[in-house]
Structure formats: C-alpha cells, structure tokens
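So the protein sequences, as listed, match chains A and B.
Per numbering that gives the first Met the number 0, numbering through the first sequence is continuous, rising by one, with the last residue being 315.
Per numbering that gives the first Met the number 0, numbering through the second sequence is continuous, rising by one, with the last residue being 315.
2 protein chains.
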Amino acid sequence: MLRQIEKARERLSEYFSPTPTVRSDILSQQHGGPVRLKLETQQPTGSFKVRPSMNSMLTRLEQARSKGVVTSSSGNFAQGAAYAARRLGVDLQVVMMKSASGFKRQRTEELGATVVPCENTFKDRWDTTYRIAGESGRLLIHPYDSEETIAGDGTIGLELLEQVEGDFCVVVPISGGGVISGIATAIKESRPGCRVVGAQPSANGSMARSLLEGKPVAVTPGPTLADALMIAQPGKRTFEIVRRLVDDVVAVDESEIRGAVKLLAEQQKLVVEGGGAVGAAALLNGKVKTAGLPVVCVLSGGNIQPSKLAEILAAS
Amino acid sequence: MLRQIEKARERLSEYFSPTPTVRSDILSQQHGGPVRLKLETQQPTGSFKVRPSMNSMLTRLEQARSKGVVTSSSGNFAQGAAYAARRLGVDLQVVMMKSASGFKRQRTEELGATVVPCENTFKDRWDTTYRIAGESGRLLIHPYDSEETIAGDGTIGLELLEQVEGDFCVVVPISGGGVISGIATAIKESRPGCRVVGAQPSANGSMARSLLEGKPVAVTPGPTLADALMIAQPGKRTFEIVRRLVDDVVAVDESEIRGAVKLLAEQQKLVVEGGGAVGAAALLNGKVKTAGLPVVCVLSGGNIQPSKLAEILAAS
C-alpha cells in the first residue's frame, strides 16, 4: 500500500503542489505544546478530495476517458471528482440523493459534472451507482474505500513526513476512514513513533463503534455541523487499516465542533468546515492523547455554507 | 537597504518560519492567469506586522530590554509589537488614540503591552510618542517609516524570490508605504523584470496623491473597511522608495474591497481583513496591469472584526 501511495504522489505532483503546514500560535497556546495545521482547505474545491479522485482517474485514465466515470457522493468528494474530471477531460456522473442540498448539487454541476438523482437512502445511492457502472462501462471511483482512493489520501502523509521533523501526533477527521487510513499507512512505516488519532462527531461515531465491535457496523448518523462526516458505516478496507494502525479514535460534540470552527476563523484566520475542524476540536477539548509529541491537525476541508459561518461568527 | 533586509531575515529566522504562498484556483480563473497568495494572515497576531516590530527590537535589543520600547499604532502594528515584546521579554508602551476601538486596545493589552491613551489626532499621537521616548529613554519603533521597519517588511520579498520562480507581478496593500517599500527593495534588484503594484482604498489615496504631487502630502482619510490602511500621509523614506521602485499604485472602492473579502472567505477559505484584501480587490476588478506576468497578492492581514465578517458573509 505504501508503494501505491508513493506512486499516487508521483502522479499527482503534475497537478497539485503540496499543501502548506503552518504553526498555529493560538492552538499551541491553548494546547500547551506546538501545534501545526495542514491546510487541505487550500486545495482546489476547498478540500483534500481532489487527491483521491484525481488519483483514481489517473490510475485508469484510458477507461476514464473512453467510457467516462461514475461516483457517488453528496459533498466534498463530488466536487473534488468534478474538478479532477474537468482537468483530465473526463465525463463524470455523480449519483446524489434527492435530499442533497441544492447548493452542493449546484457547485458540482458548475464544475461540469452531471448529477444523477437517486432516492434518499445509502442503499439506493450505491445500487444506482453500481447499476450505471455496469450498464455503461463507466469507471466507478469510490469516495473512501478503494486502494486508489486511500493511496491518494495517503499523499497527505508523505507530505507531512517532509514538512515535520521527528515524531509527531497527527489528528485526522474520520468519516468512511479513507484519509486516516492513507495517512497512517504513509507515516507509520517510516516513523513508527508517530501517533495517529482519529476524530469523529459524537453524532456519528461509526468508526469508534465498529472498533468496539471488532467489525464495521452501521449506525444511524444524527445531524451534525460536520456534515462531511455523515456516513452509515466505515469501509471494509479502511476499517482494517484503522484497526491495525490508528492509535485512538475520539468523539467531539456539536458545541466543541462549533467552538473550533469559530476559533479557527476568528483567531487563525482560516475558514474550516465542521468536518474539517473535528481534529482541532478534539485537541482543544483535551481529548487527544499526544504522548507529549508535537501535534499536527489536518484541516481537511473548508466548505461550510457562508450563512452558517456567519451565524457562528455572530454568536458570542 | 537590501543588505539590511537580508540581515533582518537572518534575525527573524529564529522566531518565524516563512509564510506559505498558495495557488488560488478561484482568483486564477477570474483573473485569467496564474495567481498566488502570500498568507501573512498566518503570522502570529494575524498580520505581517510581527516582522517589522520584531526586527526593530532585535536591532537594538539591549536598549529595548533595559529601557523598554514605545510605539504608536491603533491596529495591527500594536499587536505585532506586543507579540514581539512578549517573546523578547521587553516592556512595551503603545500610544493609541482614545477613539481606538476597545477591541483593538483589549487585544494589545492581552498580549502584555501597556496602552497609553492620547487625543484623537495623529499629531497628538506622535507628540505623545516622541515625548515618552525622550523622557524615558525607551526605544521608539516606527510602524512604517524607519529602516528597521522597512527591512523587516522586506523579508516578505526575499521569501517570494524563493517561493516563486521567474518574474512575477506582486500586488501589495499601501498605508504608510512600509511593506511595499520593503518588498520592492527586496525583489527589484535581483529580478528587475518583476512588477510591484500598490493598492489603496479610494477612501484614502494618500500615496497616489503624493506621487502625483511629487512629495508626501496629507489627505483626510475617509471611513473604509480597510481600516488598517488609514493614514494621513506616506512616510518620507517610504515615499522615496515607492517613487523610485514601484510600478503603479491603484485605488479600489468599498464595494470592491467588500467583494474581495467575501470571495476570499467563501471560495478561498481564508479570513482576510479589508486592508489585506485590497490587492486581490484591485486584481479582481481589472485594475492591475500585470504585463502578462504571473501574479502574487500579498494578503497582509486577517484582523477583521468577526461581526463585520458575519455581516459580509450573510449579505448576498
């Protein structure tokens, strides 16, 4: 898997520069030790999802170009994939529940993808996606549970190894588990002293719950500001990697997520969405066992609805 | 002067890492050519002002430590200097008009500086500052018009030379003219093909007006969202450098500044204050003659009042 991440990095280097890491004065102060932030919010489309989607298309570029691509997402992966498809000259269909916000649908369409509506269940979303792939020969790319996706996600970890000296504790948002799987795979082999900690909203503790039960289990996700982390169940591949390589998975509640979004905007001058801020929220609330290591929080995305951010900023 | 900037960089390297530059997809698209952003918003205290204030104190550290430091500012320089003083173990007094916002005063005091109130005129502010320096022997550090300040500001330019290959056009906010003087000095000698363009709010066109008249002249600044760029008159040193090295100075109106702040927050995921966004505003409104060069906008600060940002985000 590590070799695949290295290959993904080679592939992606033609399209993206490494995202910066910055030292956060305010988080270091509040945490009581050095904290750096990995700014995936600065990627095109405002989240890390351009990495896995672009890597998945580049891996099978001939099929992607001749037959097109299909995927399933209502959020950041849809936009990332639409961006990648446009840059690669690939036709993309994105299966999205009818209940997905008009805002998200519109942004995906603006990037040139075709949105295929489906019923409001994860089952129908996947059934529709696999049906389209089977009927059309389109390349199906998975938002979190394929090797190509995890390899693309893992390029964040390779960048961190270059940007941060020595052992560190990285805190990573968890939804399906793709990005933390990729990062853990990338860094644990060359720096086994690093710690990898995942953070989830309490409203959707699917990975923590699955780890307890020893297998991927489904939960019914509740509403959360971290809407990018709404998933019924971790992936099979990602669950196995998380079980093997991730040191801890912690949960943060809504007021903690909200507080982190507010602090990051007001004091760190960064717009981070709820799902991108769960790691910082966990750290700020003393939930991350860092073993005394310097900390890196991966700010995975910034796609918060402007009116929602306005509301958070206006509240005292 | 270039040698002083190089020395400033050596001095500051112990305290600050270079700020990142990132490629902006949305600005590149809207401008129609590659645009990068220099993220001074990621400095401690949220603006580039830690560079000139820290350099000024380090240049005369013995005096600063034994006698203390005095300066005059109601905004970003006050906070930058307070941060530098705290890190260097220096006692700092900041002369601020009584009319300065409680918010700014509070943030400066939280960083450990003592605020000395004065009457609501630039004249009384400077009279008070020079009187304190004369009576107490405190080191007086100037917010924009001293060699140490300009040298500290210029370190941004040296970083850009390393971060950007080949010739580029850099767009820089102008208030007293310190940061554009430093940047122009740093880059014009080694890359004379680079362009340096300044941007000011129309509400305060003091530099443009002074260039027209061939000497620093005073204007009466009107209210502007770019409150960090409120100054009656350019510095003497900075005016001479700008006249010699800066290619163009352009003005942006309030709706353009507001639009740039909104776009940077919503699409680039960066919180930038009005004064930090004037360069992007000028570019977005076709006011920057780039000579076909790739563009770098210096986002000089992010200290916008949260309620103001909320209002801008909530407006359509």
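In this text, a Cβ means the ideal position worked out from N, Cα and C, and glycines have one as well.
What you are looking at is a predicted structure, and each value in this text was computed from that prediction instead of being measured.
message: Which residues in chain A have a C-beta closer than 8 Å to the C-beta of B/R22? List them in chain order.
response: Indexing the second sequence from 1 puts residue 22 of chain B at position 23. By Cβ distance, chain A contributes S16.
- request: Name, going along the chain, the residues of the stretch 300–312 of chain B whose beta-carbon falls closer than 7 Å to a beta-carbon of chain A.
  value: Result list: G301, P305, S306, L308, A309, L312.
- prompt: Any Cβ of chain A within less than 8 Å of the Cβ of B/P33?
  reply: Position 34 of the second sequence holds residue 33 of chain B. Chain A, which has no Cβ nearer than 8 Å to the Cβ of B/P33, makes this no.
message: Would you call the stretch 126–133 of chain B in contact with the stretch 167–183 of chain B, where contact means no fewer than 3 C-beta pairs closer than 8 Å?
response: Verdict: no, contact absent.
- prompt: Is any beta-carbon of chain B found at less than 8 Å from that of A/Q78?
  reply: The residue given as residue 78 of chain A occupies position 79 in the first sequence. No, A/Q78 lies away from the interface with chain B (no Cβ there is under 8 Å from its Cβ).
- prompt: Quick one: is A/A279 buried, meaning 16 or more other Cβ sit within 10 Å of its Cβ, or exposed?
  reply: Within the first sequence, the letter at position 280 stands for residue 279 of chain A. A/A279 comes out buried.
Best match in A/T154, A/E188, A/T40, A/R257 for proximity to A/L224 [C-alpha to C-alpha]: In the first sequence, residue 224 of chain A corresponds to position 225, counting from 1. Among A/T154, A/E188, A/T40, A/R257, the Cα nearest to that of A/L224 belongs to A/R257.
task: Select from B/R10, B/V89, B/V294, B/V49 the residue whose C-alpha is nearest the C-alpha of B/V68.
output: Here residue 68 of chain B is taken as the residue at index 69 of the second sequence, counted from 1. Of B/R10, B/V89, B/V294, B/V49, the residue nearest in Cα terms is B/V89.
- prompt: Of all the CB atoms in chain B, is at least one closer than 8 Å to the CB of A/K66?
  reply: Within the first sequence, residue 66 of chain A is the residue found at index 67, counting from 1. For A/K66, no CB of chain B lies under 8 Å from its own CB, so it is not counted at the interface with that chain.
task: Going by DSSP, name the residue or residues bridged to B/L138.
output: As a first step, residue 138 of chain B must be located in the second sequence, where it is residue number 139. Listed as beta-bridge partners of B/L138 by DSSP are B/V68.
task: Just the C-alpha distance for A/V197 and A/A7, rounded to the nearest angstrom, thanks.
output: Here residue 197 of chain A refers to the residue found at position 198 when the first sequence is read from its first residue. Here residue 7 of chain A refers to the residue found at position 8 when the first sequence is read from its first residue. A quick correction: the sequence has Gly, not Val, at residue 197 of chain A. Taking C-alpha positions only, A/G197 is separated from A/A7 by approximately 23 Å.
- prompt: Which of the residues in the stretch 171–193 of chain A, read from start to end, lie with their CB under 7 Å from any CB of chain B?
  reply: Answer in chain order: no residues at all.
message: On the CB-based measure, 16 or more other CB atoms within 10 Å of its CB, does B/T219 come out buried or exposed?
response: Locating residue 219 of chain B in the second sequence gives position 220, counting from the first residue. It counts as exposed.
query: Taking buried to mean at least 16 other C-beta atoms within 10 Å of its own C-beta, is A/L269 buried or exposed?
result: For the purposes of this step, residue 269 of chain A is taken as residue 270 along the first sequence, with counting starting at 1. A/L269 counts as buried, since at least 16 other C-beta atoms from the protein chains shown sit within 10 angstroms of its C-beta.
- prompt: Is B/G175 near B/P222, with beta carbons less than 8 Å apart?
  reply: Against the second sequence, residue 175 of chain B aligns to sequence position 176. Against the second sequence, residue 222 of chain B aligns to sequence position 223. With a cutoff of 8 Å on beta-carbon distance, B/G175 and B/P222 are scored as not near each other.
Residue-level contact to chain B via CB, A/P293, 8 Å cutoff: Taking the first sequence and counting its residues from 1, one reaches residue 293 of chain A at position 294. Closer than 8 Å: no.
message: Is A/T40 close to chain B? Criterion is C-beta to C-beta, closer than 8 Å.
response: Against the first sequence, residue 40 of chain A aligns to sequence position 41. Closer than 8 Å to some Cβ of chain B, the Cβ of A/T40 qualifies, so yes.
query: If you measure from the beta carbon of B/P43 to each beta carbon in chain A, is any gap under 8 Å?
result: Taking the first residue of the second sequence as position 1, residue 43 of chain B is located at position 44. With 8 Å as the cut-off, B/P43 counts as an interface residue toward chain A.
Reduced DSSP secondary structure (H/G/I, E/B, other) of A/A231: As a first step, residue 231 of chain A is located in the first sequence; it is residue number 232 there, counting from the start. Here DSSP, grouped into helix, strand and coil, assigns A/A231 to coil.
query: Between the stretch 151–172 of chain A and chain C, which residues of the former have a C-beta closer than 9 Å to a C-beta of the latter?
result: In the structure shown, chain C does not exist; the protein chains are A and B.
message: By DSSP's criteria, B/L269 is part of a beta bridge. Which residues make up the other side?
response: Position 270 of the second sequence, counting from 1, holds the residue named residue 269 of chain B. Answer by DSSP bridge pairing, in chain order: A/L269.
message: If distances are taken between C-alpha atoms only, which option among B/F15, B/G204, B/G274, B/G192 comes closest to B/A290?
response: Taking the first residue of the second sequence as 1, we reach residue 290 of chain B at position 291. Measuring C-alpha to C-alpha distances from B/A290 to each of B/F15, B/G204, B/G274, B/G192 identifies B/G192 as the nearest.
query: Just curious, the alpha helix (DSSP H) that A/K6 is in, first and last residue?
result: One-based indexing of the first sequence puts residue 6 of chain A at position 7. First-last of the alpha helix (DSSP H) with A/K6: 1–12.
- prompt: Hey, A/E39 and A/V297: beta-carbon distance below 8 Å or not?
  reply: Locating residue 39 of chain A in the first sequence gives position 40, where the first residue counts as 1. Locating residue 297 of chain A in the first sequence gives position 298, where the first residue counts as 1. Less than 8 Å divides the Cβ of A/E39 from the Cβ of A/V297.
field: A/P43 to A/V49 span [Cα, whole Å]
entry: Stepping through the first sequence from its first residue, residue 43 of chain A is reached at position 44. Stepping through the first sequence from its first residue, residue 49 of chain A is reached at position 50. Their Cα atoms are separated by approximately 7 Å.
message: Give me, in chain order, the residues of the same chain whose beta-carbon lies closer than 8 Å to that of B/V241; leave out the 5 immediate sequence neighbours on both sides.
response: Translated into the one-based positions of the second sequence, residue 241 of chain B becomes position 242. The beta carbon of B/V241 sits closer than 8 Å to the beta carbons of I173, G176, I179, S180, A183, G197, M206, L210, P233, V248 from its chain, once the five residues preceding and following it are set aside; these are given in chain order.
message: Let me check understanding here. Comparing Cα to Cα, which of B/C117, B/G301, B/V21 lies closest to B/D226?
response: Translated into positions along the second sequence, residue 226 of chain B becomes position 227. Nearest C-alpha to B/D226: B/G301.
query: With distances taken from CA atoms, which of A/E108, A/P142, A/V94 is nearest A/R130?
result: The residue you call residue 130 of chain A lines up with position 131 of the first sequence. The residue with the shortest Cα to Cα distance from A/R130 is A/V94.
- request: Run down chain A in chain order and give the residues with a C-beta less than 7 Å from the C-beta of B/A264.
  value: Locating residue 264 of chain B in the second sequence gives position 265, where the first residue counts as 1. Those are V270, listed as they occur along chain A.
Alpha-carbon to alpha-carbon, A/V245 and A/L308: The residue you call residue 308 of chain A lines up with position 309 of the first sequence. The residue you call residue 245 of chain A lines up with position 246 of the first sequence. Each residue's Cα considered, the two are about 31 Å apart.
query: Leaving out the 5 sequence neighbours to the left and right, which residues in its chain are closer than 7 Å to A/G79 when beta-carbon positions are compared?
result: Position 80 of the first sequence, counted from the first residue, corresponds to residue 79 of chain A. Cβ within range, chain order: T44, S46, K48, V49, S52.
query: In the structure shown, what three-state DSSP assignment does B/P220 receive?
result: Here the question's residue 220 of chain B lines up with position 221 in the second sequence. Looking at B/P220 - three-state DSSP - the assignment turns out to be coil, as it is neither helix nor strand.
- prompt: Going straight from the alpha carbon of A/Q29 to that of B/D152, what length do you get?
  reply: Residue mapping note: residue 29 of chain A aligns to position 30 of the first sequence, counting from 1. Residue mapping note: residue 152 of chain B aligns to position 153 of the second sequence, counting from 1. Per the coordinates, the alpha-carbon of A/Q29 lies some 29 Å from the alpha-carbon of B/D152.
query: With contact counted as at least three CB pairs below 8 Å, one residue from each stretch, are the stretch 134–154 of chain B and the stretch 58–76 of chain B in contact?
result: They touch, by the three-pair rule.
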